[in-house]
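Counting with our numbering, you get residues 123 to 199 for the letters of the sequence shown. Report on the following structure.
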Amino acid sequence: MLLTITNEGTPATDLGYLLHKNPGRAQAFDLPFGRAHVFYPESSPERCTVALLLEVDPVGLVRGRGRTLGQYVNDRP
């Protein structure tokens, strides 16, 4: 899954400040359901885009480390 957010306000690089991420480098995080990558495909004072790429591990969800799938598919909190 890929999510992108673009800011065109001046200075657009403030988007990195709001997200606490450095636009100059890519970052990756391990999550219970897979891996997340945060990177900036475009970063200039006029326009800044941040992208979040989620690599969901479906096998890991099924095998689950002792968890049920209910927390991912249940429509109630």
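Ideal Cβ positions, reconstructed from N, Cα and C, are used throughout, including at glycine. The model shown is predicted, which means the values in this text are computed figures rather than measured ones.
Pairwise C-beta distances place the segment 132-145 in contact with the segment 161-174, as three or more of them are shorter than 8 Å.
Residue pairing by DSSP puts residue 157 in a beta bridge opposite 152 and 177. Where residue 128 is concerned, the enclosing beta strand (DSSP E) starts and stops at 124-129. Taking C-beta atoms as the reference points, residue 158 and residue 148 fail to come closer than 8 Å. Beyond the five residues adjoining it in sequence on each side, residue 179 comes within less than 7 Å, by CB distance, of 155 and 156 in the same chain, given in chain order.
Selection 185, 170, 181 and 174 evaluated against residue 131 yields 170 as nearest (Cα-Cα).
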